[in-house]
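K.L.:
Here it is, the structure in full.
Residue numbers (the UniProt record's numbering): 1 to 175.
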């Protein structure tokens, strides 16, 4: 017979797995990430109103897609000729909101720059992101990559001097 303390933990694990499957099935995590990006780009005076309107727009779009799918399904049952293959345009991708568009060749030939950090810095980073909801979804490999890629503040200030974060300071990437 299992001890009383292990049953609640097993139920909690099962509940957590169920939640993760639900979030994954419905794409909730990506929707929330996109929402946060839109919020940070727009920086509205009333963020709650912005979020409400954003989700209302998503809901209307989802409803429209469902109705379109239902109409298409009923139309397919009536007449089902083979549609011509649609022309798929290659989508250009950006590395970030303010980044330039990069090609597939750029992505393939990309070499990551690993920035070494001492134990104290790694511990401080781990503590800082452990409570941040934006980093909660990272697995060990992704978290490790984050630590490797992130320059420490001392390196930034040494590289850029007093111009860090000042608009119009004349400091350019690579200086």
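Note that CB positions come from ideal geometry on N, CA and C, so glycine has one too.
Rounded to the nearest angstrom, what separates residue 3 and residue 55 at their Cα positions?
P.N.:
With a pLDDT of 49 at residue 3, under the threshold of 50, the predicted position of this residue should be treated as unreliable, though the coordinate-derived value follows. If I take the Cα positions, the gap works out to 44 Å.
K.L.:
Counting only runs of 4+ residues fully inside the segment 9-53, write out the alpha helix (DSSP H) ranges in chain order.
P.N.:
Entirely contained in the segment 9-53, the alpha helix (DSSP H) runs reaching 4 residues are, in chain order, 28-42.
K.L.:
Closer than 7 Å by C-beta to residue 42: which residues in its own chain qualify, once you throw out the five before and the five after it? Chain order, please.
P.N.:
Excluding residues within five positions, the ones whose Cβ falls inside 7 Å are 50.
K.L.:
Can you confirm whether the segment 10-18 touches the segment 26-33 when touching is taken to mean that 3 or more C-beta pairs between the two stretches lie within less than 8 Å?
P.N.:
As far as the Cβ criterion goes, the segment 26-33 does not touch the segment 10-18, which means the pair count is below three.
K.L.:
Rounded to the nearest angstrom, what separates residue 146 and residue 58 at their Cα positions?
P.N.:
Taking the straight line from one Cα to the other gives about 30 Å.
K.L.:
For residue 175, which residues of its own chain have a beta-carbon under 7 Å away from its beta-carbon, when the five flanking residues on both sides are left out?
P.N.:
Note that residue 175 has pLDDT 46, beneath the 50 cutoff, so the model's placement of it is unreliable and no number is given.
K.L.:
Just to confirm, are residue 149 and residue 115 a CB contact at a threshold of 9 Å?
P.N.:
A contact, by the Cβ cut-off of 9 Å.
K.L.:
How would you write the range of the alpha helix (DSSP H) that residue 149 sits in, first residue to last?
P.N.:
140-149 is the extent of the alpha helix (DSSP H) around residue 149.
K.L.:
Mapping the DSSP letters down to three states, classify residue 64 as helix, strand or coil.
P.N.:
Three-state result, residue 64: helix.
K.L.:
Does the beta carbon of residue 69 come closer than 9 Å to any beta carbon on chain E?
P.N.:
Absent here is chain E; the protein component of the structure consists of one chain.
K.L.:
Kindly indicate the opening and closing residues of the alpha helix (DSSP H) around residue 130.
P.N.:
First-last of the alpha helix (DSSP H) with residue 130: 119-130.
K.L.:
Apply the 10 Å Cβ neighbour rule to residue 5 and answer buried if 16 or more other Cβ atoms are within range, or exposed otherwise.
P.N.:
Unreliable positioning characterises residue 5 in this predicted model, as indicated by a pLDDT of 49, which lies under 50. The coordinate reading is nonetheless provided below. By the neighbour-count rule (16 or more Cβ atoms within 10 Å), residue 5 is not buried but exposed.
K.L.:
With a Cβ-Cβ cutoff of 9 Å, do residue 125 and residue 117 count as a contact?
P.N.:
Cβ distance < 9 Å, so residue 125 and residue 117 count as in contact.
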